[in-house]
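*Asks:* Protein sequences appear in the order of chains A and B.
Just so it is clear: in the first sequence, position 176 is 176 by our numbering, and no numbers are missing.
In our numbering, each residue carries its 1-based index in the second sequence increased by 397.
Every residue, glycine too, gets a C-beta built ideally from N, C-alpha and C.
Nothing here was measured: the structure is a model prediction, and the numbers come from that model.
Number of protein chains: 2
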Amino acid sequence: MQSGGSLGPEPFHEPARMPRGFQCAATNCGLKREGPDLSLFVSDVDAAAAALFTRNQFPGAPVILGRETIRGGTLRAIVVNSKVSNVANGETGIRNARRMAEAAAAEIGTSADRVLVSSTGVIGVSLPIDRIETGIRGMAALLQADPLVGASGIMTTDTHPKAISMSVGDATITWIAKGAGMVEPNMATMLVYIFTDVRLEAATLDSMLRRAAHVSFNMLSVDTDTSTSDTCAILANGLAGTVDHAVFQEALTFGSIAMTQILARDGEGATKLLRIHVEQAASDTDARAIAKSIVNSPLIKTMAFGADPNVGRILMAIGKCFTATIRPDFTSASINGIDVLRDGRRTDFDETRLRTSLQGDPVDIHVSLGVGHASATAFGCDLTDGYIRENAAYYST
Amino acid sequence: MQSGGSLGPEPFHEPARMPRGFQCAATNCGLKREGPDLSLFVSDVDAAAAALFTRNQFPGAPVILGRETIRGGTLRAIVVNSKVSNVANGETGIRNARRMAEAAAAEIGTSADRVLVSSTGVIGVSLPIDRIETGIRGMAALLQADPLVGASGIMTTDTHPKAISMSVGDATITWIAKGAGMVEPNMATMLVYIFTDVRLEAATLDSMLRRAAHVSFNMLSVDTDTSTSDTCAILANGLAGTVDHAVFQEALTFGSIAMTQILARDGEGATKLLRIHVEQAASDTDARAIAKSIVNSPLIKTMAFGADPNVGRILMAIGKCFTATIRPDFTSASINGIDVLRDGRRTDFDETRLRTSLQGDPVDIHVSLGVGHASATAFGCDLTDGYIRENAAYYST
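1. Taking R685/B as the query, report the chain A residues whose CB atoms sit under 7 Å from its CB, ordered along the chain.
2. Give the residues of chain B in contact with K178/A, contact being defined as C-beta atoms less than 9 Å apart.
3. Determine the closest residue to T325/A out of A289/A, L127/A, A251/A, with distance taken between C-alpha atoms.
4. Let me know if G93/A comes out buried or exposed under the rule of 16 or more other beta-carbons within 10 Å of its beta-carbon.
5. Anyone know if the C-beta pair for M563/B and I573/B falls short of 8 Å?
6. Need the endpoints of the beta strand (DSSP E) that I335/A sits in, please.
7. Can you tell me whether Q144/A is buried or exposed, with buried defined as 16 or more other CB within 10 angstroms of its CB?
8. At a CB-CB cut-off below 7 Å, which residues of chain A make contact with N453/B?
9. Is DSSP giving S283/A helix, strand or coil here?
10. Residues of chain E with CB closer than 8 Å to the CB of R742/B, please, in chain order.
11. My understanding is that T74/A touches A49/A, with C-beta atoms under 8 Å, so please give their C-beta distance in whole angstroms.
12. Measuring CA to CA, which of G487/B, D434/B, G463/B, M579/B is closest to S479/B?
13. How about the stretch 749-765 of chain B and the stretch 669-677 of chain B: do they share at least three Cβ pairs that are nearer than 8 Å?
14. Are the stretch 117-137 of chain A and the stretch 705-723 of chain B touching, with three or more C-beta to C-beta distances below 8 Å?
15. So with Cβ pairs under 8 Å, would you call N391/A a contact of chain B?
16. Residues of the stretch 138-172 of chain A in Cβ contact with chain B at a cutoff of 9 Å, in chain order, please.
17. Would you say S332/A reaches chain B, if we count a Cβ-Cβ gap shorter than 8 Å as a contact?
18. So that I know if they touch, is there some Cβ in chain A lying closer than 8 Å to that of N707/B?
19. Once DSSP output is grouped into helix, strand and coil, what is the label at A773/B?
20. Going along chain B in order, which residues have a C-beta closer than 8 Å to the C-beta of T398/A?
21. Look at the alpha carbon of V115/A and the alpha carbon of E268/A, and state the distance between them as a whole number of angstroms.
22. With three or more C-beta pairs closer than 8 Å as the rule, is the stretch 638-645 of chain B touching the stretch 455-468 of chain B?
23. May I ask you to list the residues that DSSP assigns as paired with I173/A?
24. Three-state secondary structure (DSSP) at D44/A?
25. If contacts are defined as beta-carbon pairs under 8 Å, then A233/A and Y193/A qualify, I think. What distance do you get, rounded to the angstrom?
26. Give every residue of the same chain whose Cβ lies closer than 6 Å to the Cβ of G4/A, excluding the five residues on either side of it in the sequence, and list them in chain order.
27. Enumerate, from N- to C-terminal direction, the unbroken beta strand (DSSP E) stretches of 3 or more residues contained entirely within the stretch 671-759 of chain B.
28. Which same chain residues end up closer than 7 Å to G463/B when comparing Cβ atoms and leaving out the 5 residues on each side of it in sequence?
29. Using a beta-carbon distance below 8 Å, is M182/A in contact with chain B?
30. Assign G432/B to one of two classes, buried (16 or more other C-beta atoms within 10 Å of its C-beta) or exposed (fewer than that).
31. Quick check on A557/B: buried or exposed, where buried means 16 or more other Cβ atoms within 10 Å of its Cβ?
32. Are the C-beta of T189/A and some C-beta of chain B separated by less than 8 Å?
33. In terms of residues, what are the limits of the beta strand (DSSP E) holding V84/A?
34. Could you list the residues in the stretch 215-248 of chain A with a C-beta less than 8 Å from some C-beta on chain B, going in chain order?
35. If you compare alpha carbons, which of S690/B, V481/B, I526/B is closest to L617/B?
36. Taking 8 Å as the CB-CB limit, is C778/B close to chain A?
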């Protein structure tokens, strides 16, 4: 296995599969005109659990309820609907989120405080809870072992279901995720569920998840817009016994970075993955802020889309981090390995070569600040007319 | 005259004109294939002056020189080229900015320390100083009274030259500006030159300009990208004598807000002006941060473009201001006067009416936070496929 910080192509030749004792199901309960809109993820036995939620100050009802649920540190299931997010619905929203947990708990034979609920989709529309309750009934009979089935029911504007698996000794870790727009997580990404049959305590899971998210989901930005529903949860049911904690942490971080890149690459309208590596920064805060500033700059994103080597925009995006320690004459940058800025000045690079390179996917921008030893990597995507088309009329579709 | 905070349609029925003792000229010196690319603004007599510059940490050479020049508090002229910005050119850049000031000083018979220099356009390309020096020679003979002539030589991706004038008693204030992309000023906007024949001292001008910019140019964002060249300067040559300071401040602020809206409306690819009014905030900082968060949100900007009433995005953009004081149940919002959120919940608004209203220009979003007495207004524009087209291939064109 490569190290957690590696950024090469995703090394997932293993087929995505559920770890032992986990199953999932998806169905259409009438929220979407077609395709699954309701997913259920179940562990055969109680699993230790931890979760991170959005920092948005208008959290959805499922996030408010989820913060309460996760305090127990134990989950049996996750139930998720797509199309409607159950945000800005007041007390009714909370009541409906609870009803959704209760319906799933009844279906699989557990208590509602062991069911995590998520809803993703349009904000400010009432959750059709009757349809969801009806949909949940009978889902236990649909449970099966392919994570892509569960992944398909949680999609909104994603172009494909997202699931990957890794082996850790005799155990497995599986990531199931969605998220294509309104994605700049600051605590977690859109919806990421991680299942493992390793035995770990909830408190350990929590700190491991935070460590992994810090360099993965929390460094992802599709469009700077932090969702009201971001949720990242991990369930460990222990059926494969224990593994070395350091090895598990490394795998968890590595797979989370891989899933972050899959999410970024499928950003709304995206044609390519954008990875911004900042090194020799004065602090971790500076490195992260500058990497985020570059990955979020519309002028950088359109440059990547157009394969147009307007490299001055990199300096602009670094320089607009007003509080970061920056020495213009120490600052250098490269795009896909081609030096474009050295000591604050544009180099005499081969424009044709850079233009050709920019047409590829991914686009990697390395920045060296020359003022310290901190580094960070941010993940995003290009900004295209596809993003505009998708978001100028998302609600109506 | 309306009050400085008014946001109605621009009330400029006065023709744009230079205040007495000011003239301008524009020419093509060979930087652009066609159209003027070099402008000169001249006062017949020494003028008291103040200026604000970008906070970007990679300031262009003209900004570095301009900070030095403005310390004198006196200017006779401003010389500006478009197409090439003279940023990231190291010591040569500074030397070329000085040569540009010297050439203009020689042309009009003053010293180089009384000439402010600006360059705007692509970053990281060498300034063709020989062409500019040749171009400046003879410009004194072209000086004339129409500010739109000077405004035409400073345009980059602007679709029209921008100049407005206001009377203040017997005196005049004239704003000449450009700026369509890479515009999120934090000290000033792209390039804004303000000329007046009022008599005012440099120190007074400086504090008045800061006050005006705080609620106008510093609340403008086209694309969150802070230019390396932002400059906002004011020259007062005194030829019309004194006016009441409060009256002058009010006019300066009012006209600066009007010019801010003209700049926002002509943002790259924009089809409409976006104005975000936040009130009842706990602090000025909160009000400004939330107004900026909304005006910068790609999902709000595409909603305005698509006239699609996805109002939950407003809550999202408020809620992602993590450090602001927000009480979801106290938060209300309206779009063009139609209540869409009340006490943190979506109202039962008439969708057809809102959709029709969103098709108009401007789009006004009012947010009431219900937690204090501070307010702020931010100015921006919608995000369209035109922006993508323009910026995916700006360099090559």
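*Replies:* Reading off the structure:
1. In chain order: nothing, as chain A lies at least about 15 Å away.
2. The contacting residues do not exist; K178/A stays about 17 Å from chain B at best.
3. A289/A
4. Classification for G93/A: buried.
5. no
6. 332-335
7. That one is exposed.
8. Those within 7 Å of N453/B in chain A are M316, G319, K320.
9. coil
10. In the structure shown, chain E cannot be found, because the protein chains are A and B.
11. 6 Å
12. D434/B
13. yes
14. yes
15. yes
16. none
17. Taking CB atoms only, S332/A has no neighbour in chain B less than 8 Å away.
18. yes
19. strand
20. What is shown of chain A runs 1 to 397, which leaves residue 398/A out entirely.
21. 30 Å
22. No contact exists between the stretch 455-468 of chain B and the stretch 638-645 of chain B.
23. Answer is M166/A, T196/A, bridged to I173/A.
24. strand
25. 5 Å
26. Confidence at G4/A is low in this model, with a pLDDT of 33, below 50, so the placement of that residue should be treated as unreliable; the coordinate-derived value is given next. Within the same chain, G4/A has close Cβ partners E250, T253, F254.
27. Unbroken beta strand (DSSP E) runs of no fewer than 3 residues, entirely contained in the stretch 671-759 of chain B, are found at 729-732, 735-739, following chain order.
28. A448, F450, L513, V514, T628
29. yes
30. exposed
31. This sequence places His at residue 557/B; Ala is not what is there. The C-beta of H557/B has fewer than 16 other C-beta atoms within 10 Å across all chains shown, which makes the residue exposed.
32. Caution is warranted here: a pLDDT of 49 is assigned to T189/A, below 50, making its placement in the model unreliable, and no coordinate value can be reported.
33. Segment 74-84, the beta strand (DSSP E) holding V84/A.
34. Listed by position along the chain: D223, T224, D225, T226, S227, T228.
35. S690/B
36. False, the Cβ-Cβ gap to chain A never drops below 8 Å.
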